[in-house]
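2 protein chains.
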Amino acid sequence: MSAARTLTPDEMEAALRQIGAERYHHLHPFHTMLHEGRCSIDQVRAWALNRYCYQRIIPHKDAAILGRIEDTVTRRIWRQRIVDHDGEIDDHPEGGLRRWLALTDGLGLERGYVTSMQGALPAVRFACEAYVGFVSQRTVLEAIASSLTEMFSPMIIAIRVKGMLAHYDFISKDILRYFEHRLTEAPRDADFALEYVKRHATTPETQAAALDALRFKCAMLWSQLDAIQHVYVNGAPAPGAWAPGLALAERAA
Amino acid sequence: MSAARTLTPDEMEAALRQIGAERYHHLHPFHTMLHEGRCSIDQVRAWALNRYCYQRIIPHKDAAILGRIEDTVTRRIWRQRIVDHDGEIDDHPEGGLRRWLALTDGLGLERGYVTSMQGALPAVRFACEAYVGFVSQRTVLEAIASSLTEMFSPMIIAIRVKGMLAHYDFISKDILRYFEHRLTEAPRDADFALEYVKRHATTPETQAAALDALRFKCAMLWSQLDAIQHVYVNGAPAPGAWAPGLALAERAA
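Protein sequence lines, in the order shown, are assigned to chains A and B.
First residue of the first sequence: 93, per the working numbering; consecutive thereafter.
First residue of the second sequence: 93, per the working numbering; consecutive thereafter.
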């Protein structure tokens, strides 16, 4: 790659957006099923239960990045992500993690079972661990570039909320409130991260590394849905994983 | 678990063997396909190419464990695993990693492509990273207990070698030589690790941790085959991953 020429900031942005167009999980068949109303309630439960693992590591990965950023100005901006996700004392106001539990609660899953992650698929947990490892070990530029899937999330969230409300009688606007907040948080976060990457990735090598970081993140999100689809759509055996009927709160059982 | 009673060493061994009977990847449908001759050459290539990621991390995980063992006597024994896997200068004699490449060579895959892991499935890489992370972060007892899948491997290796030689004309005894060596190495390693775990897991808490470590390892092996089956048997899309026809050495193309 060292013989490649340096991209202009606009070309860099276009290259990042192209990765999203080809690899972001809006293209994953499980999401199409989910949004078009073709999932059973148990498939939606499996998705929400497993994706809790991803929600859980977001403050961990943001704290890992925060601890590695040298300048105060960038740290002040980055710390807002942790505030948004963890919320305030007694959930006043609540944060993104608590809002995700509103979804698993609303689907009738026992909260302690969800947060224990004992029924989550190992492949989902491994992908989430890999993300924390990535942002801890790579350059800060790569860590920030890996967050850029947020550029693409408003598109999928709009489709998801509309589709799930239209197709599932067990879904309400209130239990999907996580996504409503992300519609304003994600673009703000993505705008900052995109400007950071365009400003700091200024050589062929650092540009290639930033593009690879976004490919890694897309693969990490994609592999979670692969695992869910393999077990809960295609019916592959999954020793020890959640199965329909398990860990339902009394009113939902 | 703290209210549970302590198992006797024999009960502990039985509990470990029970985990293998229920969760080891000899039960995985992809292995059944592979051993019964129902895989195409490209499915065998996908398996060998991806499993290289696992072979690759074995010396890394053994070195991580070695660096955490306090007593000289145990270290002297554990280091043999690294010798076995890495071999000696100029491959005289060759080690397990080189023997695995004899398999991917024999299947016609370009060696540089295999060792770059660029075509490996992200889920397989994440599982392998999780294993190195596990042995680096948990207790030495848990790290050693996670190696105990070797208790079960001679069984699957015997079936694999016999089945693959019988069913595939592109497989020879020579390119399967990795497994022949594992038939003597694995039982020796497993005997030591089993005795270590029985001697050091002497409370309900440490016994539960050791059993969980073996469950983790079974899940880590299982999830690799799930990913391979999902993409190369069920035909799920896998952006960026190896596809039939790619990276074949000239004589095999």
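All residues carry an ideal CB built from backbone N, CA and C; glycine is no exception.
For clarity, every value in this text was computed on a predicted model and none was experimentally measured.
Supposed close pair residue i, residue j - CB separation, criterion 8 Å
| i | j | result |
| --- | --- | --- |
| Ile140 (chain B) | Thr207 (chain B) | The residue you asked about is not Ile; residue 140 (chain B) is Ala in the sequence shown. Not really, about 12 Å apart at Cβ, beyond 8 Å. |
| Gly188 (chain B) | His273 (chain B) | 7 Å |
| Leu201 (chain A) | Val323 (chain A) | 16 Å between Cβ atoms; not a contact. |
| Glu92 (chain B) | Ala305 (chain B) | The structure shown does not extend to residue 92 (chain B), since chain B is modelled only from 93 to 345, so the question has no answer here. |
| Phe289 (chain B) | Leu240 (chain B) | Per the sequence shown, residue 289 (chain B) should be read as Val rather than Phe. With a Cβ gap of about 7 Å, Val289 (chain B) and Leu240 (chain B) count as contacting. |
| Trp170 (chain A) | Ile161 (chain A) | 6 Å |
| Phe244 (chain B) | Gly112 (chain B) | 4 Å |
| Ala335 (chain A) | Ala215 (chain B) | Contact flag wrong, Cβ pair sits at about 21 Å. |
| Glu221 (chain B) | Ala300 (chain A) | That pair is no contact at about 21 Å. |
Contacts that residue i makes with chain B (C-beta to C-beta distance below 7 Å)
| i | result |
| --- | --- |
| Met209 (chain A) | Near Met209 (chain A) there are no residues of chain B at all, since even the closest Cβ is about 12 Å away, more than 7 Å. |
| Ala156 (chain A) | Those within 7 Å of Ala156 (chain A) in chain B number zero; the least Cβ separation is about 14 Å. |
Length of the line joining the Cα atoms of residue i and residue j
| i | j | result |
| --- | --- | --- |
| Pro42 (chain A) | Ala311 (chain B) | This structure gives no information on residue 42 (chain A), because the portion of chain A shown stretches from 93 to 345. |
| Arg167 (chain B) | Arg252 (chain B) | 32 Å |
| Val232 (chain A) | Ala156 (chain B) | 26 Å |
| Phe226 (chain B) | Thr98 (chain B) | 24 Å |
| Leu158 (chain B) | Pro151 (chain A) | 32 Å |
| Ala333 (chain B) | Ala258 (chain A) | 35 Å |
| Arg307 (chain A) | Glu287 (chain B) | 44 Å |
| Met209 (chain A) | Leu340 (chain A) | 14 Å |
| Arg173 (chain A) | Asn142 (chain A) | 22 Å |
| Pro247 (chain B) | Pro121 (chain B) | In the sequence on display, residue 247 (chain B) carries Met and not Pro. Approximately 16 Å, taken between the alpha carbons. |
| Leu313 (chain B) | Tyr116 (chain B) | 8 Å |
| Ala106 (chain A) | His118 (chain B) | 46 Å |
| Ala250 (chain B) | Ala278 (chain A) | 53 Å |
| Thr100 (chain B) | Gln135 (chain B) | 44 Å |
| Ala293 (chain A) | Tyr205 (chain B) | 27 Å |
| Glu128 (chain A) | Arg190 (chain A) | 26 Å |
| Asp261 (chain B) | Ser132 (chain B) | 11 Å |
| Ala345 (chain A) | Arg203 (chain A) | Because Ala345 (chain A) carries a pLDDT of 49, less than 50, the predicted location of this residue cannot be relied on, and the following value inherits that uncertainty. For Ala345 (chain A) and Arg203 (chain A), the distance between alpha carbons rounds to 14 Å. |
| His184 (chain A) | Cys145 (chain A) | 23 Å |
| Gly179 (chain A) | Glu186 (chain A) | 5 Å |
| Ala96 (chain A) | Leu268 (chain A) | 45 Å |
| Gln229 (chain B) | Gly211 (chain B) | 28 Å |
| Lys265 (chain B) | Leu275 (chain B) | 14 Å |
| Gln321 (chain A) | Glu297 (chain B) | 35 Å |
| Ser238 (chain B) | Asp102 (chain B) | 18 Å |
| Gln110 (chain A) | Asp163 (chain A) | 30 Å |
| Glu342 (chain A) | Glu114 (chain A) | 43 Å |
| Ala219 (chain B) | His177 (chain A) | 27 Å |
Chain B contact residues for residue i, given Cβ-Cβ distances below 8 Å
| i | result |
| --- | --- |
| Gly332 (chain A) | Arg115, Arg307, Ala311 |
| Asn326 (chain A) | His322, Asn326 |
Residue of the options minimising C-alpha distance to residue i
| i | options | result |
| --- | --- | --- |
| Arg217 (chain B) | B:Asp102, B:Ala96, B:Gly204, B:Leu317 | B:Leu317 |
| Glu242 (chain A) | A:Thr98, A:Lys265, A:Asn326, A:Arg280 | A:Arg280 |
| Arg130 (chain B) | B:Val325, B:Trp334, B:Ala333, B:Ala335 | B:Val325 |
| Leu199 (chain B) | B:Ile263, B:Asp163, B:Ser315 | B:Ile263 |
| Met104 (chain B) | B:Asp182, B:Ala285, B:Ile174 | B:Ala285 |
| Gln147 (chain B) | B:Pro296, B:Ala194, B:Leu119 | B:Ala194 |
| Ala328 (chain A) | B:Thr164, B:Gly337, B:Ser315, B:Ile181 | B:Ser315 |
| Lys309 (chain B) | B:Leu108, B:Ile249, B:Asp178 | B:Leu108 |
| Met125 (chain B) | B:Thr164, B:Thr100, B:Pro246, B:Gly255 | B:Gly255 |
| Val224 (chain B) | B:Asp154, B:Ala302, B:Arg191 | B:Asp154 |
| Leu338 (chain B) | B:Gln110, B:Ser132, B:Glu114, B:Ala138 | B:Ala138 |
| Ile48 (chain B) | B:Asp163, B:Ala302, B:Glu342, B:Ile149 | Since the first and last residues shown for chain B are 93 and 345, residue 48 (chain B) lies out of range. |
| Ile149 (chain A) | A:Trp192, A:Val165, A:Asp163, A:Lys265 | A:Trp192 |
Residues that residue i contacts on chain A, provided the C-beta gap is smaller than 9 Å
| i | result |
| --- | --- |
| Asp197 (chain B) | The contacting residues do not exist; Asp197 (chain B) stays about 27 Å from chain A at best. |
| Ala319 (chain B) | Ala215, Ser315, Asp318, Ala319, His322 |
Contacting positions in the region 212-228 of chain A - beta carbon closer than 8 Å to chain B: Leu213, Pro214, Ala215, Arg217, Phe218, Ala219, Glu221, Ala222, Gly225
Proximal residues, the region 269-298 of chain B versus chain A, C-beta separation under 8 Å: none
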